[in-house]
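Which chain is which? The protein sequence lines are X and U, in order. In this text, residue positions in the first sequence follow the working numbering: the first is 17, and each later residue adds one. In this text, residue positions in the second sequence follow the working numbering: the first is 17, and each later residue adds one. We put the CB at the ideal spot given by N, CA and C, even for glycine. Have a look at the structure below before the remarks.
2 protein chains.
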Amino acid sequence: MDFVVIGGDAAGMSAASRAKRNRPDIRVTVIEKTHDVSYSACGMPYNIADPSRPMKDLVVREADVFRKQGIAVLTGHHATRIDRAAKTVSGRTLEGNSFSVSYDALLIATGASAIVPDIPGLALPGVMVLKHLEDGRRIKNFIEDADVKRSVIIGMGYIAMEMCEALRERHIQVSMIKPGPGLLPWMDPQLSRVVQQELESSGVALYPGVRILDIKQGEKGFNVHGEGVDIEADMIIVAVGVKPNSGIAVEAGLETSAHGAISTDSRLRTSDPHIYAAGDCADAFHAVTGQRVWIPLALRANRAGWAVADNVSGKSVSLPGIVGTAVFRVLGLEVARTGLTVQEAVAAGFRPVSGVIQSRSRAHAHPGASQIWVQMVADHETGRLLGVQMVGREGVAHRINAVAVALHNRMTVEDFSRTDLAYAPPFGPVWDPLLTAANQLLKKIAR
Amino acid sequence: MDFVVIGGDAAGMSAASRAKRNRPDIRVTVIEKTHDVSYSACGMPYNIADPSRPMKDLVVREADVFRKQGIAVLTGHHATRIDRAAKTVSGRTLEGNSFSVSYDALLIATGASAIVPDIPGLALPGVMVLKHLEDGRRIKNFIEDADVKRSVIIGMGYIAMEMCEALRERHIQVSMIKPGPGLLPWMDPQLSRVVQQELESSGVALYPGVRILDIKQGEKGFNVHGEGVDIEADMIIVAVGVKPNSGIAVEAGLETSAHGAISTDSRLRTSDPHIYAAGDCADAFHAVTGQRVWIPLALRANRAGWAVADNVSGKSVSLPGIVGTAVFRVLGLEVARTGLTVQEAVAAGFRPVSGVIQSRSRAHAHPGASQIWVQMVADHETGRLLGVQMVGREGVAHRINAVAVALHNRMTVEDFSRTDLAYAPPFGPVWDPLLTAANQLLKKIAR
Chain X
17 MDFVVIGGDA AGMSAASRAK RNRPDIRVTV IEKTHDVSYS ACGMPYNIAD PSRPMKDLVV
77 READVFRKQG IAVLTGHHAT RIDRAAKTVS GRTLEGNSFS VSYDALLIAT GASAIVPDIP
137 GLALPGVMVL KHLEDGRRIK NFIEDADVKR SVIIGMGYIA MEMCEALRER HIQVSMIKPG
197 PGLLPWMDPQ LSRVVQQELE SSGVALYPGV RILDIKQGEK GFNVHGEGVD IEADMIIVAV
257 GVKPNSGIAV EAGLETSAHG AISTDSRLRT SDPHIYAAGD CADAFHAVTG QRVWIPLALR
317 ANRAGWAVAD NVSGKSVSLP GIVGTAVFRV LGLEVARTGL TVQEAVAAGF RPVSGVIQSR
377 SRAHAHPGAS QIWVQMVADH ETGRLLGVQM VGREGVAHRI NAVAVALHNR MTVEDFSRTD
437 LAYAPPFGPV WDPLLTAANQ LLKKIAR
Chain U
17 MDFVVIGGDA AGMSAASRAK RNRPDIRVTV IEKTHDVSYS ACGMPYNIAD PSRPMKDLVV
77 READVFRKQG IAVLTGHHAT RIDRAAKTVS GRTLEGNSFS VSYDALLIAT GASAIVPDIP
137 GLALPGVMVL KHLEDGRRIK NFIEDADVKR SVIIGMGYIA MEMCEALRER HIQVSMIKPG
197 PGLLPWMDPQ LSRVVQQELE SSGVALYPGV RILDIKQGEK GFNVHGEGVD IEADMIIVAV
257 GVKPNSGIAV EAGLETSAHG AISTDSRLRT SDPHIYAAGD CADAFHAVTG QRVWIPLALR
317 ANRAGWAVAD NVSGKSVSLP GIVGTAVFRV LGLEVARTGL TVQEAVAAGF RPVSGVIQSR
377 SRAHAHPGAS QIWVQMVADH ETGRLLGVQM VGREGVAHRI NAVAVALHNR MTVEDFSRTD
437 LAYAPPFGPV WDPLLTAANQ LLKKIAR
């Protein structure tokens, strides 16, 4: 039995390693186009923030560790074509040699790529994306080699925010610019304003809604030229989003769904039963809407990799849906979400009702408390809880998980409002901010 | 309509205030034996820790605020008898005058009392319990007046731990002593050892399993004399537990259940349909076992107070069960639990299986990570999740809530292991410690 994996990051290496552990008789081959496997991509901004730590700290396990486990890891191999009739994957090595590998079961775990917008000047050497470990190394070296003091980040999403924090920690000036309107447009304005104030109070200049015309090499660094805005910078990070690497699947005639991600069923099978897809290239079922969605996140990639391994090893594992739980830190703030925004709820056919509350991170009269903002969204007819967004200085990142579990169980706001959550003065008010949000939202829900 | 409340703390004042807001025509009377209403009892250790903050910071709302709302607040009134036939509550004021109040609906919210063990010398002036705000004031004044440098805490439960932290913050030596075996006996030994090490590394002397023979006034402070142990101290705190104040209910012929707490149904009615009970004097339904239990905690008291108010106001509100979620901080540790321990699971008729895992509070290679220990308990036959205990330096207090919500929904460990929890490097590993615990425990569960 030959199990071949295209892509050696979270989903791919999780699948390869677990398949080999499940059944040592399976021959497992991983085809990876870069030289790096199994690294913590999400850790790159934090590593860039700290000049004393080498980028290789982020490697969870070296390719040789997997090789010792009996897995054939072909790094520097770029898979370009799947022949479904012959059941082969072929491509070229970085040295230009062609290769071909046969499979009984194939996993496509090709991940996602940074979107590069069409702006003149993006090919300049100080303009970089952050996606692969090699990108992280390049940015980190560039900061030192070019003695970067001023930066521009194009984009204002999760990765843009994390890179902003990293660069501020290195005392680099940051300007953030994006053509679309507003910071974090999926967020409730009351919450995104908190993030905006945090960025501005740290000296970050924000230019939302500014179309970028071109980037030019100036006398002292680069010049980012937007509509009505000119910014000088020593380095430019492009973080406008990612797209699924589904090209090889599309060319093989496999079906795709949301955002062009590879369609999978609950067992992670594509439209070809011998081919699985997992990780940032694959879609998933949203447990709140029941629709196929593309929300590329690390936990799902790891979990889907394991499920593929189990299915390939002869078990039958079906994954339930995701609920879109995500968290990030930016400067002193924790920002989290799970489930649907109001707009997403409307698009999915709900009649959403929502409310924002302000609560505190510690009990009445407990020192060191800070504010927590919670937006909660529910369906007006059924009272079903649909989603939550939160912002605060502490106690946000892990609190969101209670809502995620509630969404998996299709709880109503009323039932959630009566859950027995933890209380002690250092950790929150007697009524947890989530319970206060639920209690308030209940008043708006039809009975 | 006369709604009378005995007891002016969390449950009582929540009920009184909400009933008046619900229906201003209800005449609401609160009978409180002390001079304090509506204060944060749980905040007392943290207030004692800080000499600069007055104890009255803990008062959430003064009695006069409730009076302005139209509620008759009778402080210094000790209710001693309920006449169910005549529907009256009678008693004596602190000045010795007798009083009697008629009710249409009555709420007993008499709370709990500190258990005072039968040890000679407990009446000495430097030996104190911590239950009412007056106790907190007395301890805080005593620390200053007697220039306390050495203390003994009798007991090792939540309040003992919080008082230990408070006294250590004031640089007071702490010895903890209890006759029963082991620190936090409900905890898995692997986890309670972590707490023990934390206490010991902070210089706290622990004497578990030591019977206390007597306490005597010595030349320099007090002498706590136990079997094989003599400890000198300037102050002794007795924190061996609490018991429900159900005497007035028992004398009125109302039914009681676990630990002598007042029996209530899901609408918080006692065995007399005109009399409700809520807060630390009342029992509750445990959503995991289906049994009546007595777990006196602040959130339940507030929530039950509201539910009584709604029922008295003509709505019909039933509360679901509790799951026993609790958290406390001790020195640098967060300790949390929800659901059942192995012993409780056995007692409730389950066939429990459990496991302990060690994980980390931040991602691979993220600076500042510390260890998190998770014990998870499940039913071997059904795979149902029954309970979790956690200990760690960060990320414990709010994480437990995800499990609490899972317990309310009777999730299996397998379903829980597939929930979409949040991930970002500063806040945990890709696989949340709770998911790792679930993944490991799954291996022990019959399929």
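Ordered along the chain, which non-local residues of its own chain (more than five positions away) have a Cβ less than 7 Å from that of GLY242 of chain X?
Within the same chain, GLY242 of chain X has close Cβ partners ILE193, TYR223, VAL226, ARG227, ILE228, LEU229.
Cα-Cα separation between GLY137 of chain U and ASN157 of chain U, rounded to whole angstroms:
Going from the Cα of GLY137 of chain U to the Cα of ASN157 of chain U covers about 21 Å.
Buried or exposed: where does GLU48 of chain U fall if 16 or more other Cβ atoms within 10 Å of its Cβ makes it buried?
By the neighbour-count rule (16 or more Cβ atoms within 10 Å), GLU48 of chain U is buried.
Indicate whether VAL404 of chain X and THR341 of chain X have their beta-carbon atoms separated by less than 7 Å.
In terms of Cβ geometry, VAL404 of chain X and THR341 of chain X do not form a close pair [threshold 7 Å].
If you drop the 5 nearest sequence neighbours on each side, which residues of the same chain put their C-beta closer than 8 Å to that of GLY86 of chain X?
Hits under 8 Å: LYS36, PRO40, VAL44.
Under a CB-based cut-off of 7 Å, is TYR424 of chain X close to chain U?
Residue 424 of chain X is actually His in this sequence, not Tyr. For HIS424 of chain X, the nearest CB of chain U lies under 7 Å from its own CB, placing it at the interface with that chain.
Is the shortest distance between the beta-carbon of ARG415 of chain X and the beta-carbons of chain U less than 7 Å?
Against chain U, the CB of ARG415 of chain X has a partner CB under 7 Å away; the residue lies at that interface.
Cβ-Cβ distance between LEU401 of chain U and ALA381 of chain U below 7 Å:
Not closer than 7 Å, so no.
Can you check the stretch 189 to 229 of chain X for any beta strand (DSSP E) of at least 3 residues that lies completely inside it and give the ranges in chain order?
As far as the stretch 189 to 229 of chain X is concerned, its whole beta strand (DSSP E) runs of at least 3 residues are 189 to 194, 221 to 224.
Would the stretch 256 to 265 of chain U count as touching the stretch 76 to 92 of chain U if we require 3 or more Cβ pairs under 8 Å?
No: fewer than three Cβ pairs fall under 8 Å.
Judging by CA-CA distance, which residue of U:TRP202, U:PRO201, U:LYS147, U:VAL190 is the nearest neighbour of ILE175 of chain U?
The residue from U:TRP202, U:PRO201, U:LYS147, U:VAL190 with its alpha-carbon nearest to that of ILE175 of chain U is U:LYS147.
Pairwise C-alpha distance: PRO383 of chain U and ARG184 of chain X:
Within the model, the alpha-carbon separation for ARG184 of chain X versus PRO383 of chain U is close to 17 Å.
Could you check how far apart the C-beta atoms of PRO449 of chain U and ILE388 of chain U are, in whole angstroms? I think they sit under 8 Å.
The distance from the Cβ of PRO449 of chain U to that of ILE388 of chain U is about 5 Å, consistent with a contact at the 8 Å cut-off.
Considering only the alpha carbon of each residue, which of X:PHE432, X:ALA364, X:ASN327 lies closest to VAL304 of chain X?
Among X:PHE432, X:ALA364, X:ASN327, the Cα nearest to that of VAL304 of chain X is on X:ALA364.
Pick from X:LEU437, X:ALA317, X:GLY444, X:THR435 that is closest to VAL24 of chain X, judged by C-alpha positions:
Here residue 24 of chain X turns out to be Gly, not Val, going by the sequence shown. In this structure, X:ALA317 is the residue among X:LEU437, X:ALA317, X:GLY444, X:THR435 with its C-alpha nearest to the C-alpha of GLY24 of chain X.
With 7 Å as the threshold, decide whether the Cβ of THR357 of chain U is near any Cβ in chain B.
Of the protein chains in the structure, X and U, none is chain B.
Per DSSP, which one or two residues make a beta bridge with MET60 of chain U?
Per DSSP, none; premise fails for MET60 of chain U.
Proximal chain X residues relative to PRO336 of chain U, where beta-carbon distance stays under 8 Å:
ASP431, ARG434, listed in chain order.
What does ASP25 of chain X reach in chain U if we use C-beta pairs closer than 9 Å?
Those do not exist, as ASP25 of chain X stays about 12 Å from chain U at its closest Cβ, beyond 9 Å.
Reducing DSSP to helix, strand and coil, say where ILE131 of chain U ends up.
Under the three-state reduction of DSSP, ILE131 of chain U is assigned to coil, being neither helix nor strand.
Spatial neighbours of PRO312 of chain U within its chain, please: C-beta separation below 6 Å, excluding the five flanking residues on both sides.
Result list for PRO312 of chain U: ALA128, ASP296, in chain order.
Mark ALA125 of chain X as exposed unless 16 or more other C-beta atoms lie within 10 angstroms of its C-beta, in which case mark it buried.
Buried, by the Cβ-count rule.
Check each candidate in X:MET203, X:ILE416, X:GLY348, X:ALA320 and name the one with the smallest Cα separation from MET172 of chain X.
Answer by Cα proximity: X:MET203.
Between the Cα of LEU457 of chain U and the Cα atoms of U:PRO70, U:VAL362, U:PHE432, U:PRO195, which residue gives the shortest distance?
Comparing C-alpha distances from LEU457 of chain U to each of U:PRO70, U:VAL362, U:PHE432, U:PRO195 shows the shortest one belongs to U:PHE432.
For the stretch 140 to 154 of chain U against the stretch 50 to 66 of chain U, are there 3 or more C-beta pairs whose distance is under 8 Å?
Touching, per the Cβ criterion.
Can you give the beta carbon distance from TRP447 of chain X to LEU315 of chain U, rounded, assuming they're within the 8 Å contact cut?
At roughly 7 Å, the Cβ-Cβ gap stays under 8 Å, so TRP447 of chain X and LEU315 of chain U are in contact.
Whole angstroms are fine: how far does the CA of SER33 of chain U sit from the CA of VAL21 of chain U?
Distance from the CA atom of VAL21 of chain U to the CA atom of SER33 of chain U, rounded to whole angstroms, is 11 Å.
From ILE252 of chain X to ALA418 of chain X, what does the alpha carbon distance come to, in whole angstroms?
When the Cα atoms are used, ILE252 of chain X and ALA418 of chain X turn out to be separated by approximately 38 Å.
Among X:ALA453, X:PRO67, X:VAL346, X:ASP80, the one whose alpha carbon lies nearest that of SER217 of chain X:
Closest by alpha carbon: X:VAL346.
Residues in the stretch 43 to 73 of chain U having any Cβ partner in chain X nearer than 8 Å
Residues of the stretch 43 to 73 of chain U whose Cβ lies closer than 8 Å to any Cβ of chain X, in chain order: SER56, CYS58, GLY59, TYR62, ASN63, ASP66, ARG69, ASP73.
On the three-state DSSP scale, how would you describe ASP73 of chain X?
The answer is helix: DSSP assigns ASP73 of chain X an H, G or I state.
For ILE373 of chain U and ALA454 of chain U, what's the separation of their Cα atoms in angstroms?
About 9 Å.
Rounded to the nearest angstrom, what separates PRO197 of chain X and ASN425 of chain X at their Cα positions?
About 35 Å.
Using a beta-carbon distance below 7 Å, is TYR439 of chain U in contact with chain X?
Taking Cβ atoms only, chain X reaches closer than 7 Å to TYR439 of chain U, which makes this a yes.
Can you have a look at THR280 of chain X and say buried or exposed, based on whether 16 or more other CB atoms are within 10 angstroms of its CB?
Label assigned to THR280 of chain X: buried.
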